[in-house]
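*Asks:* If you count by our numbering, then the sequence shown holds residues 151 to 557, one letter each, in order.
Quick one: the structure is below, questions incoming.
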Amino acid sequence: MILANENFYKVQATYLFSDIARRVSEFTEANKDASVIRLGIGDVTRALPQACVDAMIKATTEMGADDTFRGYGPDYGYDFLREAIALHDFKARGADISADEIFVSDGAKCDTGNFQELFAATGTKVAVPDPVYPVYVDTNVMAGRTGYAVDGRYENLAYLDCTEANNFVPAVPEEQVDLIYLCFPNNPTGATATKEQLKAFVDYAHENKALILFDAAYEAFIVDDDIPHSIYEIEGAKEVAVEFRSFSKNAGFTGTRCGYTVVPEECRVFNSKGEAVPLAPLWKRRMSTKFNGVSYPVQRAAEAVYSEEGGAQCKALVDGYLANAKVIRERIAQKGFKPVGGDNSPYIWFNTGMDSWKFFDKLLKEAQVVTTPGSGFGRCGNGYIRISAFNSMENVVKAMDRVCSVL
Ligand SMILES: *Cc1c(COP(=O)(O)O)cnc(C)c1O
């Protein structure tokens, strides 16, 4: 008898984005001439940088001629891309990461979701932030590392509360945990962490023989000089942290698909005898067995992000979204709310003083603006709203004029 993996049934269906879609379509059905502006999604809206498009076309042309055609690529990514990443994203920032510690993939969602396979199915205690990017939670639920959800929280999962009291950067766990997910700049709150705050987690991981999974998908939005871009800017992090990056948000690759994971050579886990063993061979094993690489044209497009021209084009994209975020942040603050994020991130998060969904409905019906209810990201999101800067400046200004006129 073929038995289902019943852990899948434990996953709480989050109706967040389908609920939003339903409410929006009900509203537009009933109000045919309403012009709804969407500031709810976590997807970019601007086209790929021209340097990436040009690189993709050139690589595609190579694929169409026998003498330049390429079949299966290297399991961990082409050297040209791994070397560009190591140089520009790490060495340039003083983080000593080499090309062979970089593993190119089809994006950070897959990697943050898949990485938990490397850890013991039972006995691994997992900590996640609340509010949270749901991938971290749901993949551990599917793997059987949690109990059932009770009042919106899974048994045997440690939640790290991100609240106004801690400036939306959680304290290190009070209990002993083994695996800690962190995301900075954060989705959904837009909060960033200082070097000291990350150092506390690195120290905790050393003291507790734990591992940090650091999601830096929004790294490109950091503008303040003192905010670390990578966890490897923190002393001692290479032994205890894995980092996930993505070309989705800085270069518009959400539909093109490319990202990478960093597993330093020094990074360790422990075997059942309590001996430290390197983690990288496990990820290499997994990549070679279950993944056949990102397409050559896409890796060439990603490489172009690091060219002078591509870099300038990515910066222009990010600067455009940051200018939108500034408008959103300022207008929300003018209305007496206390916005988080939007200065080093594309998301603005604030306490609405009422139920998240009530506030969502108010903005939809009265201002025809779509946002994201914070309660969909966890208990600590109750009463909050996330506004995304991924839209045109024109739409953002129009949307914020309307929002402010109803608040
Ligand atoms: C968008 C996003 C990613 C990137 O996902 P891709 O699969 O690379 O598109 C990763 N983590 C978080 C928190 C995100 O919001």
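C-beta atoms are modelled at their ideal positions from N, C-alpha and C, and glycine is treated no differently.
Computed from a prediction, not measured in an experiment: that's the story for all the values here.
(1) Report the residue from 413, 449, 375, 436 whose alpha carbon sits nearest the alpha carbon of residue 406.
(2) Give every residue of the same chain whose Cβ lies closer than 8 Å to the Cβ of residue 543, excluding the five residues on either side of it in the sequence, and list them in chain order.
(3) Pull up the distance between the alpha-carbon of residue 425 and that of residue 394, whole angstroms please.
(4) According to DSSP, which residues form a beta bridge with residue 395?
(5) Let me check understanding here. Comparing Cα to Cα, which of 188, 512, 546, 523 lies closest to residue 556?
(6) Which of the three DSSP states is assigned to residue 384 in this structure?
(7) What I want to know is whether the C-beta of residue 555 ends up closer than 8 Å to one or more non-hydrogen atoms of ligand 1.
(8) How about residue 531: is its Cβ closer than 8 Å to a heavy atom in ligand 1?
(9) Would residue 554 be called buried (16 or more neighbouring beta carbons within 10 Å of its own) or exposed?
(10) Which residue comes first and which comes last in the beta strand (DSSP E) that contains residue 277?
(11) Could you check whether the Cβ of residue 405 sits closer than 9 Å to any Cβ belonging to chain B?
(12) Give the single residue among 519, 527, 531 whose Cα lies nearest to the Cα of residue 539.
(13) Would you say the stretch 522-539 touches the stretch 181-195, given that touching needs at least three Cβ pairs under 8 Å?
(14) Would residue 322 pass as a contact of residue 368 if the rule is Cβ separation under 9 Å?
(15) So the alpha helix (DSSP H) residue 551 belongs to, where does it begin and stop?
(16) In chain order, what residues of the same chain lie with their CB nearer than 8 Å to the CB of residue 341, ignoring the 5 residues before and after it?
(17) Along the chain, where does the beta strand (DSSP E) containing residue 457 start, and where does it finish?
(18) Relative to the alpha-carbon of residue 468, which residue among 161, 385, 402, 277 has its alpha-carbon at the smallest distance?
(19) Got a sec: does ligand 1 put a non-hydrogen atom nearer than 8 Å to the Cβ of residue 264?
(20) Let me confirm a value: residue 481 is counted as buried when at least 16 other C-beta atoms fall within 10 Å, else exposed. Which label applies?
*Replies:* In short, the structure shows the following:
(1) Stepping through the sequence shown from its first residue, residue 406 is reached at position 256. Taking residue 406 as reference, the option from 413, 449, 375, 436 with the minimal CA-CA separation is 449.
(2) As a first step, residue 543 is located in the sequence shown; it is residue number 393 there, counting from the start. Counting only Cβ-Cβ distances below 8 Å, and skipping sequence neighbours, we find 470, 473, 474, 477.
(3) Taking the sequence shown and counting its residues from 1, one reaches residue 425 at position 275. Taking the sequence shown and counting its residues from 1, one reaches residue 394 at position 244. Going by the C-alpha atoms only, they are around 26 Å apart.
(4) The residue given as residue 395 occupies position 245 in the sequence shown. According to DSSP, residue 395 bridges with 410.
(5) Stepping through the sequence shown from its first residue, residue 556 is reached at position 406. Checked all of 188, 512, 546, 523; the closest Cα to residue 556 is 512.
(6) Here the question's residue 384 lines up with position 234 in the sequence shown. Here residue 384 carries a coil assignment [DSSP, helix/strand/coil].
(7) For this step, residue 555 is matched to residue 405 along the sequence shown. No, Cβ of residue 555 sits at least 8 Å from all heavy atoms of ligand 1.
(8) Here residue 531 refers to the residue found at position 381 of the sequence shown. The answer is no for residue 531.
(9) One-based indexing of the sequence shown puts residue 554 at position 404. Around the beta-carbon of residue 554, fewer than 16 other beta-carbon atoms lie within 10 Å, marking it exposed.
(10) Taking the first residue of the sequence shown as 1, we reach residue 277 at position 127. Start and end: 276-280.
(11) In summary, chain B is missing from the structure at hand, where a single protein chain is found.
(12) Residue numbering aside, residue 539 sits at position 389 when the sequence shown is read from its first letter. The option with the nearest alpha carbon to residue 539 is 519.
(13) Yes: the two stretches touch, three or more of their Cβ pairs being nearer than 8 Å.
(14) Against the sequence shown, residue 322 aligns to sequence position 172. Against the sequence shown, residue 368 aligns to sequence position 218. Their beta carbons are not under 9 Å apart, which means residue 322 does not touch residue 368 by this criterion.
(15) For this step, residue 551 is matched to residue 401 along the sequence shown. Residues 543-556.
(16) As a first step, residue 341 is located in the sequence shown; it is residue number 191 there, counting from the start. Beyond the five residues adjoining it in sequence on each side, residue 341 comes within less than 8 Å, by CB distance, of 312, 317, 318, 319, 334, 335, 490, 491, 495, 499 in the same chain, given in chain order.
(17) The residue labelled residue 457 in the question sits at position 307 within the sequence shown. DSSP places residue 457 outside any beta strand (DSSP E), giving it a letter other than H or E.
(18) By 1-based counting over the sequence shown, the position of residue 468 is 318. When each option's Cα is compared against that of residue 468, the closest is 402.
(19) If you number the sequence shown from 1, residue 264 lands on position 114. Checking the Cβ of residue 264 against ligand 1 gives no.
(20) Translated into positions along the sequence shown, residue 481 becomes position 331. In summary, residue 481 is buried, with 16 or more beta-carbon neighbours lying within 10 Å of its beta-carbon over all protein chains present.
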